[in-house]
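Engineer: Take a look at this one; I'll ask things after.
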Amino acid sequence: MNRRFICSIWLLCIGMALSARTTGILSHIKDTVACNKWVEEQLAGMTLKQKIGQLFIHTVAPVTTQKNKENIAQAVKEYAVGGLLFSGGTLDKQVQLTNWAQQMAKVPLMITFDGEWGLAMRLKEFPAFPRNRVLGCIQSDTLLYRYGREVARQLREIGVCVNFAPVADVDNNPKNPVINTRSFGSNPREVARKVIAYSRGLEDGGVMAVCKHFPGHGDTEVDSHHALPVLNFDRARLDSVELLPFRQAINAGISGMMAGHLNVPALGEKPASVSPDIVRGVLQGELKFSGLTFTDALAMKGISGSTDLCAQALIAGNDMLLATRNLKRELDGVLAAIRSGKLSEETINQKCRKVLTYKYALGMNTRPEIRTEGLKQRIYTDNTEKLMKDLDKAAVTLLKDSDYVLPLDLSLSGTVLLSVSSSLTKSAPFYQRLRETVDLSWMRANTDSLSVIRQKLRAAQRVIVALYEKDCTPYARLIKEIAGEKDVVFVCFTSQKSLEKIPSVMEKVTAVVLAHTDTPSVQRYVADAITGKTCINGRLSVGVSGLWTAGTGIVLDPDRPRRFKPEDFGLDSHVLSSIDSIAQEGIRAGAFPGCHVLIQKEGYPVYNKCFGHFTYDEASSPVTENDLYDLASLSKATGTLLAVMKLYDEGRLGLTDKISRYVPQLAGTDKQNITVQELLYHESGLPSYLPFYMEVIDKESCKGGLYSKRKDESHQIQIAPSLYISTDYKYKPEWISRTYSADYPLQIADSLFIKKEFRDLVLKELADAPLKNRSYRYSCLNFMLLKEMVENISGMPMDSYLDSVFYKPMGLTHTLYNPLNRFKKEKIVPSVAEDFLRGGVLQGYVHDEATALLGGVSGNAGLFSTAREVAAIFQMIMDRGIYGDRRYLSRNTCDLFMTMKSKNSRRGLGFDKPDMKDAAASPCAAEAPATVFGHTGFTGTCAWADPDNNLVFVFLSNRIYPEAFGRNLLMKLNIRPRMQQAMYQSLKK
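Basically the numbering used here = 1-based index in the sequence shown + 49.
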C-alpha cells in the first residue's frame, strides 16, 4: 500500500471524524489539509526507531540536576519520545524543564499530566480542587463542565495538553484500596454523567481527557500499582456496571482512554492493558472507540513482570505507552517484534500518524513556549478561587431532617452550638455567621468536662453539633442522650467516613448535614442554608455504610418550602386546589403578573403556592417563596400598628391620649385634640390624601403645565380619569439632588436623593391641613402621625425600633423598610414600570410617593416582606403575642386590638375587618366571621387572620404593574375574596 493512498485514507478519517463529532479534540482541527501536510512532513523525516519513540510517554522527575537533564535529553534526542509525564514537584522546575525539552525536540512533545483533582495532585503549591467523591454529590453538570474548563486553562498555562483524568471507574467496593475517593460515585449512570461533563470542559479548553482505567478498576480489593487485580464478573454485569461509563463517554466523543492493568476473564485471557481481545476487540471494536488509547503506567507491579511489555501493548491495540521501566530495552523489544513479524512497520506508521494528528489538534505544531512571568498569578485567579468555593458549596448534602427542623425556626432562643474540634474558637466562621440570625451560645467539646457540657446542653432549647474532627466517638454517648431529649442538628465538616463510625448517633439526631470540608466559605454557606438563606441540593455519590445509600439527599430550598397535608388539619386539599385556577385566571386577565398565596392553619402552611412572574414578560423572573413585595398599606398592620401595640403594652401611651402630646407640631392647631384611637379608627377628620410631591417639583419647568386632561408628548402617565401628569419637569434643587451627599442623605430612587428636612415640611402640611368632621374617612395621614408618635416615644427611628423589638428576634429576615440595603433587586418584585415622580421602574423603592419622600419609612407604607413572614406576624398576634418561645405582646393587648371595633364603620383598632352588614362592600369572603382582622395594600396585597378557625390568609401581588391607574381587575374579579372563600369551603365540618 503506497504512502499517498494511506495519507488520503487518514485525511478522509479526520474529515469524517470532524463531520460526525461536535466535541472532542479532533474538532479543534479547522484545516484538515494543513493538518495532513504537517503530519506527513514530520513522518517523512523520521526513522523507524523515531516513529516508535513517538509512541512512548517518558516519566521524568521535575528536578534540574545534571543527571535528570541528561535523562530527559537522551529520551528526547536519542529515543525521540512522543511525550513527557512529570512526577510530583514544583511549578518553576517543571516549566523550566518543559521549555528546555520542547526546544530540544525535533517533533513537539506531548506534555501530559496526572491531574485528577487539578494541578495540586502533582504540584503542591496550589490549592486542591475537591476529590471526585465529593464532586459526585454535585447535581449541576454545568458546574462540573466549568471545573473541567478551568483545569484545562491551568494546564495549558504550564504547557500541558493531555490530562490522565477523569477516573471513570465505579466506586462500588468500599474495600478498594486505590480508587475510592478518586471515583465520581457508585452509580454507573451518575459516574458517566459527571465523567462526560468534566471531560467536555477539559477538551473544549484544549486539553485531551483520558478516561481511566478501562474496563473498570472500581470493584477490586487489589491495587494494580502492587499486584494484578482480578474482576471475576460475567459479561452482563460488566456491561451494566464497569463498562457503562466508558461506553457513554465514547458515545459522547471523549478523545482519550487508558487501559488498566486488570485481569478480566470474561473479556480476555491477558491483562486488559496488553489484551487484544479487550483493547482491539471490546474498546475499539464493540465500543467503537477511535481516539488515542494509552496504557496505564507500565512500571506498575501489576504488569511490569511481563516480558516485551511495550510490544505486547502495541499489538493489543494501544497507541501510546506510558511510563516504562527501561526505555532502551522496551524500544529494542518493539523493534525485535517488527523484525520477527509479530508487529508490522505499517502498524507503527499508522499509530505514529495518529499521534501526530492529535498533536496538531492540540496545537503542538506551533511549538508553544510557556511564559514564566506572572505564571502563578495567571494560574490561580479570583475566578479559580470562586469556582473552588462554588464546587464545595454545591456538594453540601442534607442527609436527614426527620422532624422538618430545617431551616431553623429563628424565633426560638436558647440554641447551643457544640463544636467538636481540638483547636476551634468562637472565631470559627460557622458560629460567627449563625449568630447573625440565631440566638446562640457556643461551647467546644472537651472529654475532660463532659458533665459540664451535658448540663449546659440539657438547658438548651435545641443543639447544633459541628464536627471538625475525624473521630467523634468520645462524644457519641453524650450526643445520643441529648438527641433523646431535644432536636439536635449534626453538621459534619469533614469526610463522610466520620459518620460511619457513629451510626447510633446518626439514628438519634434530628438532622444531618454533610459539608465534606471546613473551609470558611463552606462554613458560612451551611450556616446560611440552615437558617433559610440559601439552598442545599447535593446527593450522596456513594453510600454511608449502614445509614444512607448513594443518591440520598434532601433538597433544602427556601424558595421551595415543605408543605403540610391539609387533611391533617381538617381541610380538603381538593377544594383548596381551586385557588390555583383563580390565581391563573387573574394572571390571564391581566389583574396581576404574579402572586404568592399562603394559608396557614394552626401555624402550619397548608397551602403555599407562587404563580406567574415579576412582570407580564414570561422571560422575567418567576415568583418564588422568598421574593419581597411592597406591602403598601399592609405596612400599617405589619409595621406601625405593631409598634403602637408594644408601646401601649408597656404603658407608654393610651388610646385616649391626644396625639399632640407626642407630636408637638400639632399643639395649638385644630388637630391637637385628636386621640390615638381616632387615628387608628380613621376618624380624625384628616383628609384622605395630601400631594406632598408637589413641593419637590419645579412647576415652572413643566411644559404645558403639571397636569393635562389629555395624553400628549409631555403628559404620558395617567393618574386619574381624564387626568395625566407631566413627565417632563425638573426637581427643586432645594429638596432633590441626583447625587448623594450629607445634605441629601435619603435615597428615594436610583440616582435620586432628598434632604431629611423634608419631614419638617410634611409635618407642617399635616398641621395646616383642613380638618373635616370626625366621621370615618380612610386616610394614610393618620398613620403618618402615628409613626411620628412611635419615634418620639421610643427615641429611635421606627424601622430600627420594629427590627429590634419584633422582626429580628422573630427571625423575620425578609421584613424591612428600604430592602435594597439588604437584598439585590433581583429578589424584589417591581411595583410599576414607570413612576411619574421618580421615572423608570420601581424595584426595591416604595411605591407610595409620600413614604418615598420621607426616605422610605412612613407610618402608612414602606414595608417590604414575604408571604411567610407576613403570616408569622399575624400568627403571633392571633396567638396572643407569642411566637416561637418568646412573648412579644401581652395577651390583653392582643385581645383588645383584635376585637375592639368602631361604632361608625367596620374598622378595628388599626386593623380592617369584614363588613358584616354589607357583604358586597366587605374586603373578605362572605364566610369570614366577625372576629377576622387584617389589612389590604394598594399594590395588591392583603393578610387576614381568623382566630375562630386559627387560619391566616396572605395574598401578595404587584397588581399595579406596569402602571397604577386603571389596574382594578384584582378587585373587579374578586380574586382575593374568592380565594378566601375557597379556604373556608375547604374546612371539613
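Glycine included, C-beta positions come from ideal geometry on N, C-alpha and C.
Relative to the alpha-carbon of H863, which residue among M1032, M838, A920, G643 has its alpha-carbon at the smallest distance?
Structural biologist: A920
Engineer: How would you call H623, buried or exposed, if buried means at least 16 neighbouring beta carbons within 10 angstroms?
Structural biologist: In this structure H623 is exposed. Its beta-carbon is surrounded by fewer than 16 other beta-carbon atoms within 10 angstroms.
Engineer: Taking Q151 as the reference, which of N432, A122, F162, G94 has the closest Cα?
Structural biologist: Of the candidates N432, A122, F162, G94, the one whose C-alpha sits nearest the C-alpha of Q151 is A122.
Engineer: Determine the extent of the alpha helix (DSSP H) in which V561 is found, giving its start and end residues.
Structural biologist: That residue, V561, is in no alpha helix (DSSP H); its beta strand (DSSP E) goes 560 to 563.
Engineer: Could you name the residues of the same chain whose beta carbon sits closer than 7 Å to that of G688, not counting the 5 residues immediately before and after it, in chain order?
Structural biologist: L851, L912
Engineer: Are the CB atoms of S1006 and F618 within a distance shorter than 8 Å?
Structural biologist: no
Engineer: What does a CB cutoff of less than 6 Å around I387 pick up in its chain, not counting 5 residues either side in sequence?
Structural biologist: The answer, listed in chain order, is E394.
Engineer: If the criterion is Cβ atoms closer than 8 Å, does the pair L158 and L133 meet it?
Structural biologist: yes
Engineer: With H, G and I counted as helix, E and B as strand and the rest as coil, what does DSSP make of Y1033?
Structural biologist: helix
Engineer: Run the CB neighbour count on G309, radius 10 Å, all protein chains shown included, and call it buried at 16 or more, exposed below.
Structural biologist: buried
Engineer: Of the choices G73, I579, L459, D928, whose alpha-carbon is the least far from that of Y247?
Structural biologist: G73
Engineer: Could you give the residue range of the beta strand (DSSP E) that holds K658?
Structural biologist: Segment 653 to 661, the beta strand (DSSP E) holding K658.
Engineer: With hydrogens ignored, establish whether the beta-carbon of N831 is closer than 7 Å to any heavy atom of the ligand PLP.
Structural biologist: This structure does not include the ligand PLP; it has no bound ligands of any sort.
Engineer: Determine the DSSP secondary structure at M743, reduced to helix, strand or coil.
Structural biologist: In this structure, M743 counts as helix in the three-state DSSP scheme.
Engineer: Which residues in the same chain as Q721 place their Cβ atom closer than 6 Å to its Cβ, once the five residues preceding and following it in sequence are excluded?
Structural biologist: S709, L715
Engineer: Consult DSSP for T230 and reduce its assignment to one of helix, strand or coil.
Structural biologist: helix
Engineer: In chain order, what residues of the same chain lie with their CB nearer than 8 Å to the CB of A979, ignoring the 5 residues before and after it?
Structural biologist: Closer than 8 Å at the Cβ level, and outside the excluded window around A979, lie K962, P963, M965.
Engineer: Take M492 and list the residues in its own chain whose beta-carbon comes closer than 7 Å to its own, dropping the five residues that flank it on each side.
Structural biologist: V465, L467, I502, K505
Engineer: Can you give me the start and stop residues for the beta strand (DSSP E) that G619 sits inside?
Structural biologist: First-last for G619: undefined, no H or E at that position.
Engineer: My guess is that G1043 and I1024 are in contact by the Cβ rule of under 8 Å, so how many angstroms apart are they, rounded?
Structural biologist: For the chain, the structure presents residues 50 to 1038; residue 1043 sits outside this window and is missing.
Engineer: Assuming the contact rule is C-beta atoms closer than 8 Å, Y678 and T191 should be a hit. Round their C-beta distance to whole Å, please.
Structural biologist: No, Y678 and T191 are not in contact; Cβ-Cβ is about 31 Å, not under 8 Å.
Engineer: Please confirm whether L184 and L440 have their CB atoms less than 8 Å apart.
Structural biologist: For L184 and L440, yes; Cβs fall inside 8 Å.
Engineer: Pull up the distance between the alpha-carbon of M307 and that of G533, whole angstroms please.
Structural biologist: Just so you know, the alpha carbons of M307 and G533 end up roughly 52 Å apart.
Engineer: Starting from F479, trace the alpha helix (DSSP H) both ways and give me its first and last residue.
Structural biologist: 478 to 483
Engineer: Out of P671, Q726, C84, state which residue places its alpha-carbon closest to the alpha-carbon of K950.
Structural biologist: Q726
Engineer: In whole angstroms, give me the CA-to-CA distance for L219 and I1009.
Structural biologist: It should be noted that the sequence gives Val, not Leu, for residue 219. When only Cα atoms are considered, V219 and I1009 end up about 56 Å apart.
Engineer: CA-CA distance, A276 and S544?
Structural biologist: Approximately 28 Å between the Cα atoms of the pair.
Engineer: Taking all protein chains shown into account, decide if Y793 is buried (16 or more other Cβ within 10 angstroms of its Cβ) or exposed.
Structural biologist: buried
Engineer: Please state whether DSSP places D792 in a helix, a strand or coil.
Structural biologist: coil
Engineer: Just to confirm before moving on: does the CB-CB distance between I207 and I419 stay below 8 Å?
Structural biologist: yes
Engineer: Taking the alpha-carbon positions, what's the A509 to D458 distance?
Structural biologist: 14 Å
Engineer: From K535 to S907, what does the alpha carbon distance come to, in whole angstroms?
Structural biologist: 42 Å
Engineer: Exposed or buried, what is E90 when buried is set at 16 or more other beta-carbons lying within 10 Å of its beta-carbon?
Structural biologist: exposed
Engineer: If I follow the unbroken beta strand (DSSP E) through F1004, where does it start and stop?
Structural biologist: Element bounds for F1004: 1000 to 1006.
Engineer: By the 10 Å Cβ neighbour count, where 16 or more other Cβ atoms means buried, how is M847 classified, buried or exposed?
Structural biologist: buried
Engineer: Which stretch, first to last residue, makes up the alpha helix (DSSP H) that contains F946?
Structural biologist: 940 to 948
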